[in-house]
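A.B. asks: Numbering (the numbering used here), first residue to last: 115 to 844.
The C-beta atom is built at its ideal place from N, Cα and C for all residues, glycine as well.
In this text, all values refer to a predicted model and were calculated from it rather than measured experimentally.
Below are the structure tokens for one structure; questions will follow.
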Amino acid sequence: MPTCIRMIFYIAVTAGSILNPACSIAQRSVLFRPNGDLIVNNPTVNTAGLPSDNPFSVPSPLPFHAPPFDIIRIEHYQPAFNTGMQQQREEIASIAAQTGTATFANTIVPLETSGALLKRVRRVFSNMTSAHTNRHLQNIQTEIAPLLAAHSDNILLNHRLFQRVETLHESRDSLGLTNEQQEVVRQHYVDFVRAGARLSVRHQNRIRSLNEQLSRLQTKFEDNLLAITKERSVVVDDISELDGMSAADIAAAAEGASERGFEGKYLLEITNTTRVPILASLNNRKLRQRVWEASANRATGENNGIDNRPLVLEIAQLRAERAKLLGFENYAAYKLQNQMAKSPHAARRMLTDLVPGVVARVREEARDLKNMIARLGADHDLQPWDWEYYAERIRQTRFDVDEAAVKPYFELDSVLQNGVFFTMNRLFGIKFRERRDLPVYHAEVRVFDVLDTDGSQLGLFYIDFFKRDSKRGGAWASSWVSQSHLLDVKPVIVNVLNNPRPADGAPALISLDNVTTLFHEMGHGVHGLFSDVTYPSVAGTATPRDFVEFPSTFEEDWCIQPEILSNYARHNETDEPIPRELLDNVVQASRFNQGFETLEYLAAAILDLEWHTLTEDEIPDDVEAFESATLRKYGVDIPAVPPRYRTPYFAHIWGGGYAASYYAYLWSEVLAADAFAFMQSRGGATRSNGDNLRKEVLSRGSSRDPMVSYKAFRGQEPTVDALLVRRGLK
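Here it is, written out as structure tokens:
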């Protein structure tokens, strides 16, 4: 689930803007002196100031500088990006040209404040290209990504600027800096070095070329997935094939088909994962197979001709070359150097240590499923499109829980208000107050003031619930404004989800999985909202990738705590609370099928690491063969339990920020499970527990080492014991 990755100047290579149609990427001219200084930048970039009618020209006048979506237009992005890059180039040149002794005040502070215009436009645009995109925005993204990559390189490979940062880094212990300032200096220095600041000019120019190529390829990968997701939805002609689905789900499928031009038919949409939740309901086995294959075989050139496999091989090749130039054995070694895991070996060991026990559990679960197949009078092998269907039959039998019977107790707004917000109030004393006076980018987006314990406002919180064709898959959190005392700004946070949209007039009833996702994303939300640091580069969720999922995963477990669940799980028609017996069964059932849940994740995480520990000359030419060989090598090749993501649609690692880091979810879950067990031993959802977490973890960002923050909260490093219990493996 993507959150804000730590970026010194907050420039992502997958953001974009409209280019001058007369200027293609190939026309961009970038020349450098022998010392690496920039001589000529893109001569076609507009260097004039923005006109006053461009909403990005000044900070938004709305509360907390929330984006003025009502006046932002497509044509505003090009000049804002171009002028923003030009302004930051001038700011960086001014910092680097100083002849006096480098100080924190004359070097690091202006670095932290540079690029204000570029940050404004980039943050809005990057969210739009994920949450509500269109052909025009995608074209912009394709064009601008390489320009932003080059712009970032121009900063991080500026020789004179690096000399100033290096001087500060070498003497930082004697400068009288605060702990946060020392950490900011250290992180800036590391970022310059990891970008190639110490390389020769020849190698730096190759790094620039690789970064530009990678930005193009990764953007193309994401664009392909969005197109495929739209086209690979399964259209069903006959309602009888939908036997097993609820009336509400059938109505939503009919409405979805109608919106796509398939009047009188039914649309079953695939999700971003290999498995598709609707498979648990469909009695028609042939349709289950059709839906699963539409998911598992996407981006391989079938039907629509879109094939991500050549992109994957090229991305892997270029990443391996880049890592070697930077002095690392492989890309994973480069990526994990500044993460909590530190090395691919440590990350892989954590994953593989779990494999024997998890596989043994999966085999037990598979035996149960085969017995259920026989008990129901069927005579076929256990296939991946069968697993969720028969697992649901066992879940219903064993725990007397039918998802269709449970959903009426999970009405979306009640989950949000009486579940998520209630829990945040119990833990942290904060309150959410909806407001309708701020513009949004889609009519379904909602906005809330977030009030602290003393009634003062922490910031703004936006939430975007429903799946649509203009939105990429999954769920994530982003910030339009990050907290900073230096800039005197408070956070503006958005959570984006992909809940199924109900038919018109029907209540939004969601599954327990989607309930859990709401709690998870709010964990990212409060991580950003509680940020209390001075410098923007270390604020909020700008933490190591294998730490950032800890606060979000931690929040998940509250949703099934009886005192929380009983507050929001009320029947949408009668308002009756969920019966105690059903409540107990829901909690028990939530821990069912954990062998499957864990193995599909492990397989994907291992696959990610294996791709990114390849050297330049080890890149295969057959994606499927490499994938199969990897699963066999680590003993996770169980056909009925494929990886959560197969290589051609593994957006986390080929388009998003989780390359060589998908293991981070489990690494963070170790922290989350340990923290939750610790809180339970000290009274559960209490203010004292919540305040401790807020003070020592959520407010700190990356202003200090994350393990220091965790130990300050917990009193010791985490153990895996609580994780095994959480996953039902102990």
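Use the C-beta contact count for residue 173: other C-beta atoms within 10 angstroms, 16 or more gives buried, fewer gives exposed.
C.D. replies: Exposed: under 16 other Cβ atoms inside 10 Å.
A.B. asks: How is residue 160 classed by DSSP in three states: helix, strand or coil?
C.D. replies: Reliability of the predicted coordinates at residue 160 is poor, the pLDDT of 40 falling under 50, and the value obtained from them is presented with this limitation in mind. Three-state result, residue 160: coil.
A.B. asks: Cα separation between residue 572 and residue 604?
C.D. replies: The straight-line gap from Cα to Cα measures roughly 7 Å.
A.B. asks: Have a look at the DSSP bridge pairing and note the partners of residue 169.
C.D. replies: Partner(s): none; residue 169 has no beta bridge.
A.B. asks: Using CA coordinates, which residue listed in 380, 591, 263, 217 is at the minimum distance from residue 277?
C.D. replies: Among 380, 591, 263, 217, the Cα nearest to that of residue 277 belongs to 217.
A.B. asks: For the beta strand (DSSP E) holding residue 571, just list the boundary residues, first then last.
C.D. replies: Counting along the chain, the beta strand (DSSP E) containing residue 571 begins and ends at 571-580.
A.B. asks: According to DSSP, is residue 319 part of a helix, a strand, or is it coil?
C.D. replies: The answer is helix: DSSP assigns residue 319 an H, G or I state.
A.B. asks: Rank 670, 519, 569 by C-alpha distance to the C-alpha of residue 358 and give the top, closest one.
C.D. replies: Here the closest residue by C-alpha is 519.
A.B. asks: Give the DSSP-derived three-state secondary structure of residue 138 in the structure shown.
C.D. replies: A caution first: residue 138 carries a pLDDT of 26, below 50, which makes its placement in the model too unreliable to give a value.
A.B. asks: Just to confirm the assignment, what range does the beta strand (DSSP E) spanning residue 608 have?
C.D. replies: Counting along the chain, the beta strand (DSSP E) containing residue 608 begins and ends at 606-613.
A.B. asks: Might you give, ordered along the chain, the residues of its own chain that have their beta carbon closer than 6 Å to the beta carbon of residue 618, omitting 5 neighbours on each side?
C.D. replies: So the list is empty, once near-sequence residues are dropped.
A.B. asks: At which residue ranges does the region 592-664 contain complete beta strand (DSSP E) runs of 3 or more residues, listed in the order of the chain?
C.D. replies: List check, beta strand (DSSP E) in window: 606-613.
A.B. asks: What's the gap between the Cα of residue 517 and the Cα of residue 305?
C.D. replies: Cα to Cα, the separation comes out at about 48 Å.
A.B. asks: Taking the straight line between their C-alpha atoms, what separation do you get for residue 706 and residue 479?
C.D. replies: Whole-angstrom Cα-Cα distance: 10 Å.
A.B. asks: Count the other C-beta atoms from every protein chain shown that fall within 10 angstroms of the C-beta of residue 534, then say buried if there are 16 or more, exposed otherwise.
C.D. replies: The residue is buried, with at least 16 neighbouring Cβ atoms inside 10 Å.
A.B. asks: Select from 477, 609, 760, 303 the residue whose C-alpha is nearest the C-alpha of residue 270.
C.D. replies: It is 303.
A.B. asks: Could you round the C-beta distance between residue 168 and residue 193 to whole angstroms and report it? I think they count as a contact, below 8 Å.
C.D. replies: Yes, they are in contact, since the Cβ atoms of residue 168 and residue 193 sit about 6 Å apart, within 8 Å.
A.B. asks: What does DSSP give as the partner residues of residue 846 in its beta bridges?
C.D. replies: There is simply no residue 846 to check, as the chain begins at 115 and stops at 844 in what is shown.
A.B. asks: CA-CA distance, residue 347 and residue 374?
C.D. replies: Taking the straight line from one Cα to the other gives about 10 Å.
A.B. asks: Excluding the 5 residues flanking residue 247 on each side, which residues of the same chain have their C-beta closer than 6 Å to its C-beta?
C.D. replies: The residues are 584.
A.B. asks: Answer yes or no: do residue 532 and residue 580 have a C-beta to C-beta separation smaller than 9 Å?
C.D. replies: The answer is no: Cβ separation not under 9 Å.
A.B. asks: Just checking my contact of residue 723 with residue 433 at CB under 8 Å: how many whole Å lie between their CB atoms?
C.D. replies: Not confirmed; about 13 Å, so no contact.
A.B. asks: For residue 425, verify whether its CB is less than 8 Å away from any heavy atom of the ligand COA.
C.D. replies: Absence of the ligand COA from the depicted structure is noted, as is the absence of any ligand whatsoever, leaving it without description.
A.B. asks: State the Cα-Cα distance for the pair residue 177 and residue 702, rounded to the nearest angstrom.
C.D. replies: Cα-Cα distance, rounded: 44 Å.
A.B. asks: Using alpha carbons as the reference points, say which of 576, 556, 240, 565 lies closest to residue 582.
C.D. replies: The residue with the shortest Cα to Cα distance from residue 582 is 556.
A.B. asks: Measure how close the beta-carbons of residue 667 and residue 637 come, nearest whole angstrom, since I'm counting them as under 8 Å.
C.D. replies: About 7 Å; that satisfies the 8 Å criterion.
A.B. asks: Rounded to a whole number of angstroms, what is the C-alpha to C-alpha distance between residue 245 and residue 299?
C.D. replies: Using only the alpha carbons, I get a separation of about 34 Å.
A.B. asks: Report the rounded CA-to-CA distance for residue 499 versus residue 672, giving the unit in angstroms.
C.D. replies: One C-alpha to the other measures close to 31 Å.
A.B. asks: Just curious, the alpha helix (DSSP H) that residue 697 is in, first and last residue?
C.D. replies: 694-704 is the span of the alpha helix (DSSP H), which, as asked, contains residue 697.
A.B. asks: Residue 665 and residue 838: beta carbons closer than 9 Å?
C.D. replies: Contact: no.
A.B. asks: Under 6 Å Cβ to Cβ from residue 475, same chain only, skipping five residues before and after it: list those, please.
C.D. replies: 709.
A.B. asks: Could you give the first and the last residue of the continuous alpha helix (DSSP H) run that contains residue 298?
C.D. replies: Residues 293-309.
A.B. asks: Whole angstroms is fine: what's the gap from residue 364's alpha carbon to residue 350's?
C.D. replies: Cα to Cα, the separation comes out at about 11 Å.
A.B. asks: Check whether the region 776-790 and the region 711-720 touch, using three or more Cβ-Cβ pairs below 8 Å as the test.
C.D. replies: They touch, by the three-pair rule.
A.B. asks: Round the Cβ separation of residue 648 and residue 294 to the nearest angstrom and send it over; I've been treating them as touching at under 8 Å.
C.D. replies: About 6 Å; that satisfies the 8 Å criterion.
A.B. asks: Kindly indicate which residue of 564, 447, 163 has the alpha-carbon position closest to the one of residue 547.
C.D. replies: The shortest Cα separation from residue 547 among 564, 447, 163 belongs to 564.
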